[in-house]
Amino acid sequence: MREIKEYTAGEDLIIKTSVRLLVPFIQLFGLYVIVHGHYSPGGGFQGGVLLGASFILLALAYNIKTSQEYLSIGVNALFSNLGPAIFIGVGVLCTVFGGLFLDYSALDLLIPLGPVEWRSFGIFLIEVGVGLAVMNIMVLLYWNLSSGGNMDEGL
């Protein structure tokens with residue numbers, strides 16, 4: 003009887019080199035989308051997905067341990083909590099200074115920049131918080147699902 007061999011993809015130099023060259027540009031574009039989210043299409047969610055996809059691409063081309071060298075589990079947990087904290091913190095600050103939740107013009111009492119500038123800066127802060135949360139939760143979901151919860155080796 004003929005033995006069936008299981009096919010395993012070996013290390014591919016072309017894929018690893020391509021990923022190593024593409025990841026910094028993907029991350030730079032993700033940061034651009036987050037920073038310019040209040041001026042143009044895009045924002046925190048789309049930029050966070052791009053940043054998360056760059057770490058997932060590293061895990062797919064190399065392994066989970068390699069992606070965790072660039073974004074450790076501790077930093078991931080910190081940023082996963084920091085993103086919503088920024089979002090809620092900005093909203094609470096707005097209510098503390100007499101406005102509604104996420105009424106950025108109320109923050110003019112904190113630092114007198116003007117209501118229009120505070121609206122722009124407040125939206126920027128919200129985009130950063132959403133981007134951090136989306137990126138890290140997306141990466142954490144991939145790590146958990148691909149490794150069966152062990153986070154030692156993936157697909």
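Using the working numbering, read the sequence shown as starting at 3 and increasing by one per residue. We treat Cβ as the ideally placed atom computed from N, Cα and C, and that holds for glycine.
First and last residue of the uninterrupted alpha helix (DSSP H) at residue i
i: Glu71; result: Ile66 to Tyr72
i: Ser42; result: No alpha helix (DSSP H) holds Ser42; DSSP gives it neither H nor E.
i: Gly32; result: Leu15 to Val37
Straight-line gap, residue i to residue j (C-alpha atoms, nearest Å)
i: Pro26; j: Pro117; result: 36 Å
i: Ile139; j: Phe99; result: 31 Å
i: Asp14; j: Leu80; result: 33 Å
i: Ala145; j: Ser69; result: First, the residue type needs correcting, since residue 145 is Trp and not Ala in the sequence shown. Answer to the nearest angstrom: the Cα atoms are 9 Å apart.
i: Glu129; j: Ile17; result: 32 Å
i: Ile28; j: Lys67; result: 20 Å
i: Ser74; j: Leu142; result: 10 Å
Contact under 8 Å by Cβ, residue i with residue j
i: Ile36; j: Gly151; result: no
i: Leu52; j: Phe31; result: yes
i: Leu33; j: Gly45; result: no
i: Leu84; j: Cys96; result: no
Neighbourhood of residue i by C-beta distance below 7 Å, restricted to the same chain and skipping five residues each side
i: Phe47; result: Val132 and Val136
Three-state secondary structure (DSSP) of residue i
i: Glu119; result: helix
i: Phe99; result: coil
i: Asn83; result: helix
i: Ile113; result: coil
i: Leu104; result: coil
i: Asn152; result: coil
Neighbourhood of residue i by C-beta distance below 6 Å, restricted to the same chain and skipping five residues each side
i: Gly93; result: Phe103 and Leu104
Cβ-based neighbour list, residue i, same chain, cut-off 8 Å, excluding 5 preceding and 5 following
i: Leu60; result: Val21, Val25, Thr68, Ser69 and Tyr72
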